[in-house]
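Numbering (this note's numbering), first residue to last: 49 to 618.
Working notes, structure below.
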């Protein structure tokens, strides 16, 4: 019996269907064009972005919201180079992504052909792995391998580069076989001896802290984390990428530590005698100067990526393994142990009361972002998926939004990519059309990828965007005010350009504006009522507001700046 003969392009689309991919994001172009022909007749939904960077962030938002693979397609040359930022972003934040790029014909590679770029080389440092296809028959197996690599171990982006002549080459469809990837054997089950050693340290501890991050969310280990924390009465701090892994509002939740974390979360780590670090990488935004970080604490560090253990801080007990498996092992090893943590928990509870997050919203004064956020959350009757850009607004959202579930907080953590929020929100809303998706962005970030509002309108993806318009690159301005004598070099935008209402309307969205306290409820209610197209709210806020608490980069977490008054002591 003759096997079905397909072009390489048809094998790509058949391969994606075989992997149960339902949605892809992309921008067509010459080298990848053969793949768009069979895509036309495929049940796979294609979302046409206005820029490949936007398409990549859409795939990231889809992946972060679902915990599943996101897929992006781009052409050769500038199409591929425009993907480098979302690929690097996905690598830093451990987001499972598959990028398929067209390449010039294999006979033209190396000749500086039109729209040629060395995609495999350029993307090597921005991906977990990448492929250059040299024969169409490889495509089904490579796509299966790419998904496996992207979604297992520490998740990350994988790129598959396919020359145009290979997309046109004819080969038989052969169902992908078993995976045999020498050298790629992620360790998911922890060493039982290490788990026993960890449990011994926990039993002796009087001031333990569960320091947890995005690894909990990737592992879908939030329920196990809740059991571990509540059964043994251990306080929990959640990193920026771990927000929602443990519910805010619970008495054991201390929320986010670090550069703009709250006082109690940061200080609890400094005063702890044991850090139970799971799915975290001791990022510099948390540790500040590692020499001063948690100096009195022993460390249990569990991570699925062995390269992260000992990279920043030595661990007395290193555990390589999946977060869910590690936590299950710890719960079993601890059994019915009763830890003596009552005094510690009580001390931290008092600290939360003594050092709360604070801001002052005056009735007639300029709008403060924390106040607007808290009022918006009161009006959202359902659990929203919240997406932020990077900078002051990102920190305020993490501080003041109440996250109770995983995969409801999407942001660019490690790479700090401005322009992430709008396209990522489109990706999340594509995955969950019936959920409320809020893009809470800054004006500087929004202007980086604002053209993707056209994508949201034309593809019928009714996200809701709030632009906190302070007329500046806010975090840059804050640092210039504190460290550069208020010389606002190249950080000033304007409140008025663009006119966000006209911009929204020109892109097929609804534009609304709020400028004072009395506007908030009516504008947000109007925003929440509109569900047939995107809505953009221009929220004009105080340009001089600063994010506190704050630990200067490279400083000590023992020296937390709580307000502008504390700046005088710098």
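Backbone N, C-alpha and C fix where the C-beta goes; we use that ideal spot for every residue, glycine too.
Beta-carbon separation of residue i and residue j under 9 Å?
i: residue 81; j: residue 135; result: no
i: residue 463; j: residue 137; result: yes
i: residue 150; j: residue 83; result: yes
i: residue 146; j: residue 120; result: yes
i: residue 600; j: residue 311; result: no
i: residue 367; j: residue 242; result: yes
i: residue 389; j: residue 282; result: yes
i: residue 180; j: residue 503; result: no
Using C-beta distances below 8 Å, list every residue in its chain close to residue i, excluding the 5 sequence neighbours before and after it, in chain order.
i: residue 49; result: Caution applies to residue 49, whose pLDDT of 47 falls short of 50 and renders its modelled position unreliable; the model cannot decide the point.
i: residue 615; result: 530 and 609
i: residue 613; result: none
Should residue i go down as buried or exposed, given a rule of 16 or more other Cβ atoms within 10 Å for buried?
i: residue 294; result: buried
i: residue 586; result: buried
i: residue 218; result: exposed
i: residue 330; result: buried
i: residue 231; result: exposed
i: residue 59; result: buried
i: residue 631; result: Any answer about residue 631 is impossible in this case: the structure gives the chain only from 49 up to 618.
i: residue 501; result: buried
i: residue 402; result: exposed
i: residue 202; result: buried
i: residue 272; result: buried
i: residue 622; result: Outside the displayed range of the chain (49 to 618) lies residue 622, so it cannot be described from this structure.
i: residue 88; result: exposed
i: residue 109; result: buried
i: residue 212; result: buried
i: residue 570; result: exposed
i: residue 37; result: Residue coverage of the chain in this structure runs from 49 to 618, which leaves residue 37 outside it and unanswerable.
i: residue 124; result: buried
i: residue 155; result: exposed
i: residue 440; result: buried
i: residue 545; result: exposed
Between which residues of its own chain and residue i is the CB-CB distance below 6 Å, once the five residues before and five after are set aside?
i: residue 306; result: 333 and 334
i: residue 512; result: 486, 575 and 583
i: residue 371; result: 263, 264, 267, 269, 326 and 327
i: residue 131; result: 100, 104, 122 and 147
i: residue 436; result: 442, 445, 459, 469 and 488
i: residue 591; result: 518, 519 and 520
Give me, in chain order, the residues of the same chain whose beta-carbon lies closer than 7 Å to that of residue i; leave out the 5 immediate sequence neighbours on both sides.
i: residue 411; result: 565
i: residue 543; result: 517, 519 and 588
i: residue 483; result: 433
i: residue 535; result: 528
i: residue 316; result: 257, 283, 285, 302 and 396
i: residue 381; result: 243, 244 and 247
i: residue 506; result: 556
I think residue i touches residue j, with their Cβ atoms under 8 Å apart; what is that distance to the nearest whole Å?
i: residue 195; j: residue 67; result: 5 Å
i: residue 568; j: residue 420; result: 6 Å
i: residue 324; j: residue 285; result: That pair is no contact at about 10 Å.
i: residue 236; j: residue 379; result: That belief does not hold up - the Cβ atoms of residue 236 and residue 379 are roughly 17 Å apart, past 8 Å.
i: residue 471; j: residue 580; result: About 21 Å separates the two Cβ atoms, so there is no contact after all.
i: residue 400; j: residue 409; result: 21 Å between Cβ atoms; not a contact.
i: residue 52; j: residue 220; result: 7 Å
For the alpha helix (DSSP H) containing residue i, name the first residue and the last one.
i: residue 66; result: 56-66
i: residue 236; result: Neither: residue 236 is in no alpha helix (DSSP H) and is coded neither H nor E.
i: residue 419; result: 417-427
i: residue 442; result: 440-448
i: residue 91; result: Looking at the DSSP string, residue 91 is not in any alpha helix (DSSP H), and its letter there is neither H nor E.
i: residue 573; result: 568-577
i: residue 476; result: 469-479
How would you write the range of the beta strand (DSSP E) that residue i sits in, first residue to last?
i: residue 100; result: Where residue 100 is concerned, there is no enclosing beta strand (DSSP E), although the alpha helix (DSSP H) it sits in stretches over 100-114.
i: residue 502; result: Run containing residue 502: none in the beta strand (DSSP E); it sits in the alpha helix (DSSP H), 500-506.
i: residue 548; result: Not the beta strand (DSSP E): residue 548 falls in the alpha helix (DSSP H), residues 548-554.
i: residue 196; result: Not the beta strand (DSSP E): residue 196 falls in the alpha helix (DSSP H), residues 187-199.
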